[in-house]
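**Q** Here it is: the structure, laid out below.
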Amino acid sequence: MKVGICTGGGDCPGLNSIIRAAVRHSAHYDDLELWGIKNSFNGLMSSPYEVWKLDQESVSGILMRGGTILGTTNAGNPFSLKNPGGGPVQNKSQQVVDAYKKLGLDAVIVIGGDGTQGIAYELAKLGMNVVGVPKTIDNDLASTDQTVGFDTAVQVASEAIARIQTTAESHERIMVIEVMGRNAGHIALHSGLASGAHIILLPEIPFSYESILKKIEIRRQRKKRFSVVVVAEGAFPAGGNEVFKTSAGTKNLGGIGHYLAEELYQRSGIETRVTVLGHTQRGGEPSHVDRIIGTAYGVKALDLVLQKKFGTIIAMQNGKLSEIKYEDVAGKFRPIPDDDMFLNTAKGIGICLGD
Ligand code: F6P
17 MKVGICTGGG DCPGLNSIIR AAVRHSAHYD DLELWGIKNS FNGLMSSPYE
67 VWKLDQESVS GILMRGGTIL GTTNAGNPFS LKNPGGGPVQ NKSQQVVDAY
117 KKLGLDAVIV IGGDGTQGIA YELAKLGMNV VGVPKTIDND LASTDQTVGF
167 DTAVQVASEA IARIQTTAES HERIMVIEVM GRNAGHIALH SGLASGAHII
217 LLPEIPFSYE SILKKIEIRR QRKKRFSVVV VAEGAFPAGG NEVFKTSAGT
267 KNLGGIGHYL AEELYQRSGI ETRVTVLGHT QRGGEPSHVD RIIGTAYGVK
317 ALDLVLQKKF GTIIAMQNGK LSEIKYEDVA GKFRPIPDDD MFLNTAKGIG
367 ICLGD
């Protein structure tokens, strides 16, 4: 068999552990080759094709390396490819499937978040044999309890917020820390819990300024004259909207931290500062958890290919890996559920959730 493997969408720590595990596992089978595809599906749309055989040496020493040795992009949807010179988007999906056939690939392992998996699902409908591996720091894929990358993002954010606690206390300030996560609050909730945040604002719970200021005032009455607020980039005030920023030609969620800080300062008069953690949450060495689960996902992905269970995406549920059909998860998203254990934990210890 000749199996392609690619990483798509935003990168995250732990991608290399998935690639490495699939290649290591392939060594147990004769006549099985793994081929890397450059920058998501772009390697199948370029001329010449950007693909290369992954031998055991090519994955040596990458377990602890951040990023992805295959490269990635979140601007490479073959169904609506942006024209670099402007003009209408192009549909190059058939070109991708033709390249897949021309190269003699039998299947492709697609490592990606919801955007990339949506593309994989559509390519599967055009005849590509696909097995999906869920990854994203946001942890918002419907199919799985824990995506590769989430644990490291939480670790990075937790460490940063913990550092901010001490300077917040020295200056008696309100410190607002904006974390990533798109429209799900998993990173904010987990990092806030891990670092002793006093207020955590999530996209799942529209917040009120009154509730936040009440918490800050209660703390001040207890002689705690500083407060640490973790805000997810997708959070928004009740009756208001999400905040987007356009930077270098790209519009993304972001900016709620500054917006919130200004409001809190205007309403309270307390000195306030903002830290936006941004892409630090996506870079650098993966945590041991992401290396372990990434390795398990990589082995499982190749197993599914060998079993010819195509059109499936791996799911981690209750600590076990299984596979789910793409059609059962397509278009679904996993926000924090109302009965989430960690949400209840945060409420249980008196963290203000802005409601
Ligand atoms: O989906 C991962 C993520 O890091 C989000 O948390 C964030 O909103 C987005 O990607 C940022 O994308 P980009 O890398 O294109 O700026």
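Numbering-wise (the working numbering), the sequence shown opens with residue 17 and increments by one.
The C-beta atom is built at its ideal place from N, Cα and C for all residues, glycine as well.
1) When burial is assigned at 16 or more other CB atoms within 10 Å of the CB, is W68 buried or exposed?
2) Would you say E249 touches the ligand F6P, meaning its beta carbon is less than 7 Å from a heavy atom?
3) Here's the rule: buried if 16 or more other CB atoms are within 10 angstroms of the residue's CB, otherwise exposed. What is D130?
4) Quick one, are the C-beta atoms of E188 and R241 less than 8 Å apart?
5) Does the distance between the C-beta of G197 and the nearest non-hydrogen atom of the ligand F6P fall short of 7 Å?
6) If you reduce the DSSP assignment to three classes, tell me which class M144 lands in.
7) If I measure Cβ to Cβ from I35 and keep anything under 8 Å in the same chain, skipping five residues before and after, which residues do I get?
8) Is G102 close to the ligand F6P? I mean its beta-carbon at under 7 Å from any heavy atom of the ligand.
9) With 16 other CB atoms within 10 Å as the buried threshold, where does I232 fall?
10) One question on the structure: do D371 and F223 come within less than 8 Å of each other, judged by their Cβ atoms?
11) Could you check where the alpha helix (DSSP H) with R236 kicks off and where it finishes?
12) Among all the DSSP beta bridges, which residues are the ones paired with C28?
13) Thinking C-beta only, is S159 closer than 8 Å to V305?
14) Where does H295 land, buried or exposed, given buried means 16+ other C-beta within 10 angstroms?
15) Excluding the 5 residues flanking K54 on each side, which residues of the same chain have their C-beta closer than 6 Å to its C-beta?
16) Suppose only complete runs of 3+ residues qualify. What are the beta strand (DSSP E) ranges in the region 116-167, listed by chain order?
17) For G250 versus E258, is the C-beta distance shorter than 8 Å?
**A** In short, the structure shows the following:
1) Working through the sequence shown from its first residue, we reach residue 68 at position 52. Exposed, because fewer than 16 other Cβ atoms sit within 10 Å of the Cβ of W68.
2) As a position in the sequence shown, residue 249 is number 233, starting the count at 1. For the ligand F6P, at least one heavy atom lies less than 7 Å from the Cβ of E249.
3) Along the sequence shown, read from residue 1 onward, the residue named residue 130 stands at position 114. With a threshold of 16 other beta carbon atoms within 10 Å, D130 meets it and is buried.
4) Position 172 of the sequence shown holds residue 188. Position 225 of the sequence shown holds residue 241. Result yes, Cβ atoms of E188 and R241 sit closer than 8 Å.
5) Along the sequence shown, one-based indexing puts residue 197 at 181. Answer for G197: yes, Cβ within range of the ligand F6P.
6) Counted from its first residue, the sequence shown places residue 144 at position 128. The three-state secondary structure of M144, taken from DSSP, is coil.
7) Stepping through the sequence shown from its first residue, residue 35 is reached at position 19. Excluding residues within five positions, the ones whose Cβ falls inside 8 Å are I21, T23, G52, L70, V75, I78, T84, I85, L86, I127 and G314.
8) Start at 1 with the first residue of the sequence shown, and residue 102 comes out as number 86. Not under cutoff, so the answer is no.
9) In the sequence shown, counting from the first residue as 1, residue 232 sits at position 216. Buried, by the Cβ-count rule.
10) Indexing the sequence shown from 1 puts residue 371 at position 355. Indexing the sequence shown from 1 puts residue 223 at position 207. F223 sits close to D371, with the two beta carbons spaced by under 8 Å.
11) For the purposes of this step, residue 236 is taken as the residue at position 220 of the sequence shown. For R236, the uninterrupted alpha helix (DSSP H) run begins and ends at Y225 to Q237, by DSSP.
12) Position 12 of the sequence shown, counted from the first residue, corresponds to residue 28. DSSP output for C28 lists no bridge partner at all.
13) For the purposes of this step, residue 305 is taken as residue 289 along the sequence shown, with counting starting at 1. For the purposes of this step, residue 159 is taken as residue 143 along the sequence shown, with counting starting at 1. In this structure, S159 does not lie closer than 8 Å to V305 by Cβ.
14) In the sequence shown, counting from the first residue as 1, residue 295 sits at position 279. Around the CB of H295, fewer than 16 other CB atoms lie within 10 Å, so the residue is classed as exposed.
15) Start at 1 with the first residue of the sequence shown, and residue 54 comes out as number 38. Taking K54 as the centre and dropping the five residues before and after it, the same chain places the C-beta of E66 and G87 closer than 6 Å to its C-beta, in chain order.
16) 123-128 and 146-150, all fully within the region 116-167.
17) Along the sequence shown, one-based indexing puts residue 250 at 234. Along the sequence shown, one-based indexing puts residue 258 at 242. Closer than 8 Å, so yes.
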